[in-house]
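Numbering-wise (my numbering), the sequence shown opens with residue 185 and increments by one. For glycine and all other residues, C-beta sits at the position ideal for the given N, C-alpha and C. Written below as structure tokens is the structure these notes are about.
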Amino acid sequence: MGRQRYSIFSLLRNAVSHNENWQQAWRSPVPRKRYDVLIVGGGGHGLATAYYLAKEHGITNVAVLEKGWIGGGNTGRNTTIVRSNYLWTEAALLYEKSLKLWEGLSRDLNYNVMFSQRGVYNLGHSLQDMRDIERRVGANRLDGIDAEVITPEQIKAAIPMINISRRARYPILGGSLQRRGGIARHDAVAWGFARAADALGVDIIQQCEVTGICRDGGRVTGVETTRGRIEADRIGVVVAGHASVLAGMAGLRLPLESHPLQAYVSEPLKPVLDTVVMSNAVHGYISQSDKGELVVGAGIDAYNGYGQRGSFHTIEHAMQAIIELFPAFSRVRMLRQWGGIVDVSPDACPIIGRTPVQGLYFNCGWGTGGFKATPGSGWAFAHTIARDEPHELNAPFSLERFTTGALIDEHGAAAVAH
């Protein structure tokens with residue numbers, strides 16, 4: 185009884201103190217005039233890059249510049265799915281590196297990112313779907329990545345409420361399962377990397393928009409920001425959705441298109457779905473959050489744009505798809521909807537590496553698959569910036585592949601790309 189009374193008193197005391205005595209998770213420093221490395225973009229990938237620069241390479245004179253607030257961009261505007269079952273070896277190994285980092289990330293950061301390995305199902309609705317799934321599962325196994333082909337009956341046994349009727353518009357003929365896949369808490373990922381990077385000496389500077397990239401001939405010298413000029417000899421740009429805008433500031437043009445990507449959540453429900461279900465043909469994917477909300481995603485909107493909104497017909501299409509898979513959800517109410525901005529490259533794979541401007545590096549073009557790659561992306565990009573050469577994992581994802589023709593075409597190859 186005494187312990188309970190103390191807990192209530194502590195809760196009330198912190199409520200009226202407005203958290204004045206709470207230790208800040210990371211500092212809010214005034215920008216210095218010069219850093220060894222600048223990371224433009226305070227999302228998960230940018231924060232992970234700064235963290236691994238400090239942890240793996242001992243480069244701590246680093247600043248992360250974020251135009252808004254940490255986690256306010258695409259990091260907090262996705263459906264949090266983590267998996268590595270891509271078709272082509274180059275992509276699969278990069279995502280598998282990320283998945284292995286996910287498996288120890290909470291311990292590494294000393295921060296619970298709520299990574300839940302609940303499995304990811306990719307459904308097949310036609311004979312061609314199943315051929316593609318069998319091909320991908322075989323390729324994954326050759327690359328040492330866990331994957332298995334499963335029957336409709338196995339899917340039904342694991343997910344009792346799913347509709348496997350052969351009379352459905354898109355009947356389920358089978359699927360693939362990656363048991364190590366799952367979900368993580370997106371804002372916790374950003375906060376965990378921010379806190380860990382700050383503890384290693386990285387300056388995290390919010391409300392600091394980059395308005396120009398400074399060059400001296402063929403090399404970078406710094407950036408112009410809303411808080412003044414900041415000099416650096418190495419600049420890594422990780423601004424999902426806006427990479428083309430930043431590249432234009434340096435006189436570069438990237439082969440990217442930016443599109444809105446929508447998702448929505450339902451009202452909270454009791455636990456009903458303990459895994460992730462994805463469908464390429466139906467183009468909907470769903471999981472349930474720890475708060476009980478059904479998290480539902482759709483495909484990208486067809487038009488180009490930077491609006492964090494989206495169009496109603498895309499929401500409607502995703503709803504129809506999910507209700508066909510799960511008829512019991514037909515009376516569940518939608519709680520809120522949002523859109524993120526994704527930049528898509530011609531082969532649906534990222535660009536991670538150097539640019540023709542010395543000291544300028546770009547990490548972009550993740551399309552709809554960026555969140556799952558967060559730790560692996562930061563790890564590989566940090567290596568590239570620190571050594572001025574790519575790691576073997578991200579070497580295939582150079583900008584030069586679009587002139588040599590060595591593309592890694594993941595468009596539709598790995599089921600839904602999210």
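Residue i to residue j span [Cα, whole Å]
| i | j | result |
| --- | --- | --- |
| Gly476 | Ala378 | 27 Å |
| Ile159 | Ser471 | Since the first and last residues shown for the chain are 185 and 602, residue 159 lies out of range. |
| Val200 | Ile192 | 13 Å |
| Ser529 | Arg211 | 35 Å |
| Gln362 | Ile265 | 12 Å |
| Val404 | Ala434 | 8 Å |
| Thr558 | Ser194 | 36 Å |
| Ala598 | Asp220 | Only weak support is given to the placement of Ala598: the predicted model assigns it a pLDDT of 45, under 50, and the value that follows is read from those uncertain coordinates. Their Cα atoms are separated by approximately 38 Å. |
| Pro574 | Val449 | 38 Å |
| Val600 | Glu204 | Caution is warranted here: a pLDDT of 46 is assigned to Val600, below 50, making its placement in the model unreliable, and the coordinate value is therefore given only provisionally. Between Val600 and Glu204, the C-alpha separation is close to 45 Å. |
| Gln312 | Asn464 | 12 Å |
| Asp292 | Ile536 | 24 Å |
| Trp522 | Arg261 | 7 Å |
| Arg364 | Trp550 | 21 Å |
| Gly489 | Ser310 | 33 Å |
| Pro452 | Asp527 | 31 Å |
| Val456 | Asp474 | 11 Å |
| Thr152 | Arg315 | With the chain represented from 185 up to 602, any question about residue 152 goes unanswered, as that position is not in the structure. |
| Asn578 | Leu278 | 7 Å |
| Val286 | Asn324 | Here residue 286 turns out to be Trp, not Val, going by the sequence shown. Distance between the alpha carbons of Trp286 and Asn324: 18 Å. |
| His426 | Phe581 | 19 Å |
| Tyr487 | Ala424 | 17 Å |
| Ser268 | Gln542 | 32 Å |
| Arg399 | Thr244 | 23 Å |
| Gly242 | Val248 | 16 Å |
| Gly420 | Ala352 | 48 Å |
| Ala234 | Ala380 | 10 Å |
Span of the beta strand (DSSP E) around residue i
| i | result |
| --- | --- |
| Gln446 | 441-450 |
| Arg403 | 403-409 |
| Phe546 | 544-548 |
| Ile414 | 412-415 |
| Val541 | Note, Val541: premise wrong, no beta strand (DSSP E); not H, not E. |
| Ser582 | Element bounds for Ser582: n/a, residue is neither H nor E. |
| Ile418 | Here residue 418 is Arg; the residue named in the question, Ile, does not match the sequence. Where Arg418 is concerned, the enclosing beta strand (DSSP E) stretches over 418-421. |
| Gly358 | 358-362 |
Coarse secondary structure for residue i, derived from DSSP in three states
| i | result |
| --- | --- |
| Asn306 | strand |
| Leu457 | coil |
| Asn245 | coil |
| Val600 | Low per-residue confidence applies at Val600: pLDDT is 46, beneath 50, and the placement is therefore not dependable, though the value from the model is reported in the following sentence. It is coil, neither helix nor strand. |
| Asp531 | coil |
| Val200 | helix |
| Ile254 | coil |
| Gly228 | helix |
| Asp393 | Before going further, note that residue 393 is Glu rather than Asp in the sequence given. DSSP places Glu393 in coil when its eight states are reduced to three. |
| Thr233 | helix |
| Ser194 | helix |
| Gly147 | It is not possible to answer for residue 147, since the shown part of the chain is limited to 185 through 602. |
| Leu277 | helix |
| Gly554 | coil |
| Arg218 | strand |
| Arg399 | strand |
| Ile367 | strand |
| Ile265 | strand |
| Ile592 | coil |
First through last residue of the alpha helix (DSSP H) which encompasses residue i
| i | result |
| --- | --- |
| Gly432 | 427-433 |
| Gly376 | 370-383 |
| Arg585 | 585-588 |
Residue i Cβ short of 7 Å to the ligand ATP heavy atom set
| i | result |
| --- | --- |
| Ala590 | Ligands displayed in this structure: none; no statement on the ligand ATP is therefore possible. |
Check: Does the segment 412-425 come close enough to the segment 209-219 to have 3 or more Cβ pairs within less than 8 Å?
Finding: yes
Item checked: Segment contact flag, the segment 456-468 with the segment 478-485, C-beta cutoff 8 Å, min 3 pairs -> yes
Next item on the list: Tell me the start and end of each unbroken beta strand (DSSP E) in the segment 282-355 that is at least 3 residues and wholly inside, in chain order.
Entry: 304-308, 332-334
Item checked: Completely contained beta strand (DSSP E) runs for the segment 452-526, where each covers 3 or more residues -> 460-463, 468-472, 478-484
Notebook entry, point to check: Is it true that the segment 312-322 meets the segment 350-364, where meeting means three or more beta-carbon pairs spaced less than 8 Å apart?
Noted result: yes
Item checked: At least three beta-carbon pairs within less than 8 Å, the segment 251-265 to the segment 223-236 -> yes
Item checked: Sufficient close CB pairs (3 or more, under 8 Å) joining the segment 438-450 to the segment 485-501 -> yes
Notebook entry, point to check: Does the segment 367-376 come close enough to the segment 508-519 to have 3 or more Cβ pairs within less than 8 Å?
Noted result: no
Notebook entry, point to check: Between the segment 559-572 and the segment 497-506, do at least 3 Cβ pairs fall closer than 8 Å?
Noted result: no
Note to self: Between the segment 323-342 and the segment 379-386, can you find at least three pairs of beta-carbon atoms closer than 8 Å?
What the structure shows: no
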